[in-house]
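Numbering (the working numbering), first residue to last: 22 to 503.
These notes are about the structure you will find just below.
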């Protein structure tokens, strides 16, 4: 180990080195090759950082800072940690699953070990520099399975501890360590095949798997989710109701329907919040479906009902479910979808397909293309310059290959994984004026990249140059969010 202290002059004193073996008087040290990972933190709460090293056999070797430069560390007796031993698998050890953080507010670092199944134990740091017994709550909060998300670290907000991790899609997860309250815990409903009626827990988040057969699923007052598993459409459409308790002053605005899997028949999926409909259709019918939705939007009463009937009468159009009291719609990256919002503020997420938010301030979540096939996404909004929409990109700023104007549309080329590209089209973002010499901004979008860049500043007016060419949209105004 090496040690050097800074002097008042701003330079370091000569390096003070010693063999690792000389630090271990009471415990024979492991060989250097055996140490898989080291962490630094104040284990005994004296204000100085200590070092804990660990081996694949689950042995912990702790060096406490002494404050004496000649003998800088005090060796603690090696201890076995069963949780760390369980973690080890040749070639797959993930040191992010071991964290050192003060979890109980006693100013001493505690050892947190997160297992592959999302369970965890905490061994609290003691005043003598050792760790207490590994403890696990009987109803602890479970984190994501190993491989589903990459652990970043532990953060603290308003006195509460969260495990921060990142999904492959770019979604950042803040999962609390504390035992979830009844309202925060999730009630999972998976009934398999057959006809089922289920009333979810009123004060819990309900997570419904919509499999084969006719389902009548009703959520509660929390954020419920309905996962469409791609099964054949039932003879009579299912009813998926996010729930909105009559007479309550509390509004439930976070229910989501998700096309989680590609339909077995190879069709595309429609999730239309404005007309309360989930359905399957042939991909070559996409423009027909979009045109029907556009005709339905301004209608009311009998005319609206007749227009919806014309949509559902399309050849091989299969109604899957009625949607009630659901505010958000998603399609997973491999599922072709058409999403339409209603007059409220919706969140629409997709990796390929078409989305139109309707009135209100909508949020679009563009999922990262993780496959090998190029994807196309079209977003369309109402021509209201005073309103704006958020576009959350599961891409870093460097992944935006180009931003171009073509006609009245704006195109972004996004670089995904495995070399796959996604073309994002912001349809009718500009409108050509009657004189043919200028284009006006119809609807502004604010783009957010996953690494924190906020892109705004779309030109309000574009003027054609003397040579007939239109100016470039770039550079745009952009800054990193705090």
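For each residue, glycine too, the CB sits at the ideal point set by N, CA and C.
- Counting other Cβ atoms within 10 Å of its Cβ, residue 118 reaches 16 or more and is therefore classed as buried.
- For residue 295, same chain residues with a beta-carbon under 8 Å away, outside a window of 5 residues either side, are 314, 317, 318, 361, 362, 363, 364 and 379 in chain order.
- For residue 107, the enclosing alpha helix (DSSP H) has its first and last residue at 103 to 108.
- Taking a contact to require three or more Cβ pairs closer than 8 Å, the region 281 to 290 and the region 320 to 334 do not qualify as touching.
- Sequence-distant partners of residue 158 (beyond 5 residues in either direction) whose C-beta falls short of 8 Å from its own C-beta, in its chain, are 200.
- DSSP places residue 165 in the coil class of the three-state scheme, outside both helix and strand.
- Using a Cβ distance threshold of 9 Å, residue 255 and residue 216 count as a contacting pair.
- Here residue 332 carries a helix assignment [DSSP, helix/strand/coil].
- DSSP places residue 287 in the coil class of the three-state scheme, outside both helix and strand.
- Collapsing the DSSP output to three states places residue 317 in a helix.
- With respect to the 9 Å criterion, residue 80 and residue 107 are not classified as neighbours on the basis of their beta carbons.
- In the three-state reduction of the DSSP assignment, residue 207 falls in the strand class.
- Taking a contact to require three or more Cβ pairs closer than 8 Å, the region 53 to 70 and the region 81 to 90 qualify as touching.
- The closest CA to that of residue 351, considering only 375, 345 and 463, is found on 375.
- Pairing residue 440 with residue 420 gives a Cβ-Cβ distance that is not under 9 Å.
- In this structure, 76 is the residue among 93, 151, 300 and 76 with its C-alpha nearest to the C-alpha of residue 114.
- The residue among 153, 497, 451 and 490 with its C-alpha nearest the C-alpha of residue 482 is 451.
- Within the same chain, 424 come within 6 Å of residue 495 by CB-CB distance, once the 5 residues on both sides are set aside.
- Check the Cα spacing between residue 259 and each of 243, 225 and 298: the tightest is with 298.
- Closest in alpha carbon position to residue 120, among 72, 60 and 129, is 60.
- In the three-state reduction of the DSSP assignment, residue 454 falls in the coil class, being assigned neither a helical nor a strand state.
- Just measuring C-alpha positions, the residue of 465, 211, 122 and 341 sitting nearest residue 63 is 122.
- Sixteen is the threshold: since fewer than 16 other Cβ atoms of the shown chains lie within 10 Å of the Cβ of residue 214, the residue is exposed.
- As a beta-bridge residue in DSSP terms, residue 152 pairs with 146.
- Distance between residue 368 and residue 185, taken at the CA atoms: about 23 Å.
- The secondary-structure analysis by DSSP pairs residue 122 across a beta bridge with 131.
- Contact annotation: residue 399 and residue 434 have beta-carbon atoms that are not nearer than 9 Å.
- Boundaries of the beta strand (DSSP E) around residue 173: 171 to 178.
- Secondary-structure assignment with DSSP links residue 197 through a beta bridge to 183.
- CA-to-CA, the gap between residue 477 and residue 456 works out to about 27 Å.
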